[in-house]
Amino acid sequence: MNSSHKLLNQLTVGFDSKKIKVRVTRMWDAINTNTGDVFALEMVLLDENDNHMVAIVPKNLVQRFRPQLLEGDVYILEKFRVTPRKQSWNVVHNEHNIYFTYTTLVKKLDGRMSSIKFHKFEFIDFNDLSSRCQVFTFLSDVVGRLSKVGPIYEVSKSNGTVKKRDIAITNKSGESINVTLWGTTSNQFDDETILVSDQPLVFVISSVTVKQFRGSYYLSSTTATRVYMNLNISEVADYLNCIDSTATQTIEVLHPPKTREAIQQLMFKNRKLLSEIYQIMAGVQTEELVYTSKVTILKVDFNSQLYYKACPKCQRKVTLQGSNFVCNACNQNVEYPKLRYMLKVLASDATGSAWFVIFDQEAERIIEHKLSFVLEEFNKIGGTNTQYQHEASSSQIPISTPDDSNQQHFNTLHMNHSSEGSTKITEEGNPHKKICMRR
1 MNSSHKLLNQ
11 LTVGFDSKKI
21 KVRVTRMWDA
31 INTNTGDVFA
41 LEMVLLDEND
51 NHMVAIVPKN
61 LVQRFRPQLL
71 EGDVYILEKF
81 RVTPRKQSWN
91 VVHNEHNIYF
101 TYTTLVKKLD
111 GRMSSIKFHK
121 FEFIDFNDLS
131 SRCQVFTFLS
141 DVVGRLSKVG
151 PIYEVSKSNG
161 TVKKRDIAIT
171 NKSGESINVT
181 LWGTTSNQFD
191 DETILVSDQP
201 LVFVISSVTV
211 KQFRGSYYLS
221 STTATRVYMN
231 LNISEVADYL
241 NCIDSTATQT
251 IEVLHPPKTR
261 EAIQQLMFKN
271 RKLLSEIYQI
281 MAGVQTEELV
291 YTSKVTILKV
301 DFNSQLYYKA
311 CPKCQRKVTL
321 QGSNFVCNAC
331 NQNVEYPKLR
341 YMLKVLASDA
351 TGSAWFVIFD
361 QEAERIIEHK
371 LSFVLEEFNK
381 IGGTNTQYQH
391 EASSSQIPIS
401 TPDDSNQQHF
411 NTLHMNHSSE
421 GSTKITEEGN
431 PHKKICMRR
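Everything in the sequence shown is counted per the UniProt record's numbering, starting at 1 for the first residue and increasing by one.
Below you can see the structure in the form of structure tokens.
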């Protein structure tokens, strides 16, 4: 640790001019549920010694600091105020909170160079939930295998309607608990991923309250709640290791919007060879057409940007306009953009080759790792001169630039070389001509 930087556990109450180096692991709008008004921007900060603390941007400074902060990034912060923690609704166990002031300085660092973890939670055992029932001093984090998922629907409240979804998670002992997800938390995961998944789904759900109904405990989301699926952390790995991979994993799905068979059928709709697509490109003036194609992945271009900031609602790219992120497709401000895969790969079939741009879930299936894990792996090797030896293997990503240590590291990431379906295709040698494939 740099001697000029304090650790979070070294902070004391009062104005602090020392610098801290932290990662923003979670960030959310603190909302008055009665009026719907945002009264603060809050976040969890994590330092190099695994200390975490909540930081709060008061309402009058939200517009000033929101454009400077992004969930997952690493920052140097200085000139802030340290206060005792709140009496209730605390997300982490720490006796202090950080408050941003007019003089607070924010400097973004290259997160790839940092050893700070991307996530930290305070998981509570299902058997201990009763001690938190209707007690709001601290919110609870839970982890468990998804066992039930319901549809999103709207319910009426005094200040209007709000979205709601009920799910259930199961612990290692087979005990289940229901979770009610409210508002935007209800769509932090999509039904299609659940329906087509051929592996167990372990959910991490943060910052929930414990309530009781007719003698049974259940969990309820808050504005600070985040839902993560098969997150790359040790607690999730422990769950996956305990699950029999050969056994059928049953998820009760209420009113599913699609069936697995329907999605598989889509993979054969308008299927074309690359040579046929090139002929269509040569003869049709329209910019985008929809097809499916079965190709073999030859290599991944890790020199290109691996992700982009997207609107959580429509998945389109957001732009920074003034102090707000804006989705032009939805014509609205986006409070927290989502990082989505944008993977550029060279692929071929028997008739030719092309560069494909593959997004989000499809990219994750190819890389077989979540974006957060890939970024963490880059962090481990960022800025080093370590040279990795490329071993030829049909199941590994071929590396085209031998002296690039970042690329060479990822030749150890296994991938599915046979890929079907959603992507954009760019004719090799003509990067400005694109065809949109079936998504």
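Quick reminder that beta carbons are idealized off the backbone N, C-alpha and C, glycines included.
- prompt: Which value, in whole angstroms, describes the spacing of the CA atoms of Ile435 and Leu289?
  reply: The residue you call residue 435 lines up with position 435 of the sequence shown. The residue you call residue 289 lines up with position 289 of the sequence shown. Confidence is the limiting factor: at Ile435 the pLDDT is only 33, short of 50, which leaves the residue's position unreliable and the question unanswerable from this model.
query: Which same chain residues, not among the five before or five after Ser221, have their C-beta less than 6 Å away from its C-beta?
result: Against the sequence shown, residue 221 aligns to sequence position 221. So the qualifying residues of the chain are Leu181, Trp182, Thr185 and Val208.
message: Excluding the 5 residues flanking Lys211 on each side, which residues of the same chain have their C-beta closer than 8 Å to its C-beta?
response: Along the sequence shown, one-based indexing puts residue 211 at 211. Only Cys133, Gln134, Tyr217, Tyr218, Leu219 and Ser220 meet the Cβ criterion.
task: Within the same chain, show all residues whose beta-carbon is closer than 7 Å to that of Glu175, passing over the 5 residues directly before and after it, in chain order.
output: Counting from 1 along the sequence shown, the entry for residue 175 is found at position 175. Within the same chain, Glu175 has close Cβ partners Phe126.
query: Would the beta-carbon of Phe268 fall within 8 Å of that of Thr292?
result: The count along the sequence shown starts at 1 and reaches residue 268 at position 268. The count along the sequence shown starts at 1 and reaches residue 292 at position 292. Going by C-beta atoms, Phe268 is nearer than 8 Å to Thr292.
query: Just curious, the beta strand (DSSP E) that Thr218 is in, first and last residue?
result: Along the sequence shown, read from residue 1 onward, the residue named residue 218 stands at position 218. First, the amino acid is wrong: residue 218 is Tyr here, not Thr. Note, Tyr218: beta strand (DSSP E), Ser216 to Ser220.
- prompt: What do you reckon, are the CB atoms on Phe65 and Val106 nearer than 8 Å?
  reply: One-based indexing of the sequence shown puts residue 65 at position 65. One-based indexing of the sequence shown puts residue 106 at position 106. Yes, these two residues count as a Cβ contact at 8 Å.
task: From the DSSP output, read off the bridge partner residues of Ala347.
output: Here residue 347 corresponds to residue number 347 of the sequence shown, with the count starting at 1. According to DSSP, Ala347 bridges with Ile297 and Ala354.
Span separating the alpha-carbon of residue 490 from that of Ser353: Residue 490 falls outside the range modelled here, since the chain spans only 1 to 439, and no answer is possible.
CA-to-CA distance, Thr101 to residue 444, given in whole angstroms: Since the first residue shown for the chain is 1 and the last is 439, residue 444 is missing from the structure and cannot be characterised.
field: Rounded straight-line distance, which links the Cα of Asp360 to that of Ser304
entry: Here residue 304 refers to the residue found at position 304 of the sequence shown. Here residue 360 refers to the residue found at position 360 of the sequence shown. Approximately 15 Å between the Cα atoms of the pair.
Euclidean distance between Cα positions of Phe325 and Asn331: Indexing the sequence shown from 1 puts residue 325 at position 325. Indexing the sequence shown from 1 puts residue 331 at position 331. Rounded to the nearest angstrom, the two C-alpha atoms are 11 Å apart.
message: Three or more C-beta pairs under 8 Å: does that hold for the segment 161 to 171 against the segment 107 to 116?
response: no
task: Assign Ile366 to buried or exposed, taking buried as 16 or more other Cβ atoms, counted over all protein chains shown, within 10 Å of its Cβ.
output: As a position in the sequence shown, residue 366 is number 366, starting the count at 1. Buried: at least 16 other Cβ atoms inside 10 Å.
query: So, are the CB atoms of residue 464 and Lys108 less than 8 Å apart?
result: Since the first residue of the chain shown is 1 and the last is 439, residue 464 is not available in this structure.
field: Candidates Thr35, Cys242 and Val54, of which the one nearest Asn9 by Cα
entry: Position 9 of the sequence shown, counted from the start, is the residue given in the question as residue 9. Out of Thr35, Cys242 and Val54, Val54 has the C-alpha closest to the C-alpha of Asn9.
query: When you compare each of Ser275, Leu45 and Val318 to Thr351 by their alpha carbons, which one comes out closest?
result: Residue mapping note: residue 351 aligns to position 351 of the sequence shown, counting from 1. Nearest option by C-alpha distance: Ser275.
- prompt: In or out: residue 447 buried (at least 16 other Cβ within 10 Å) or exposed?
  reply: Lying outside 1 to 439, the shown extent of the chain, residue 447 is not represented and no answer is given.
- prompt: Considering only residues of the same chain and omitting the five flanking positions on each side of Glu364, which have a CB-CB separation below 8 Å?
  reply: For this step, residue 364 is matched to residue 364 along the sequence shown. Here the set comprises Tyr341, Lys370 and Leu371.
- request: Pair every Cβ in the segment 83 to 103 with every Cβ in the segment 184 to 200, then say whether three or more of these pairs are closer than 8 Å.
  value: no
- request: Would you check if the distance between the CB atom of Asp50 and the CB atom of Lys120 is smaller than 8 Å?
  value: Looking up residue 50 in the sequence shown gives position 50. Looking up residue 120 in the sequence shown gives position 120. Yes. Within cutoff.
task: Using 10 angstroms around the beta-carbon of Arg214, count the other beta-carbons present and answer buried if the total reaches 16, otherwise exposed.
output: Numbered from 1 along the sequence shown, position 214 holds the residue referred to as residue 214. By the neighbour-count rule (16 or more Cβ atoms within 10 Å), Arg214 is not buried but exposed.
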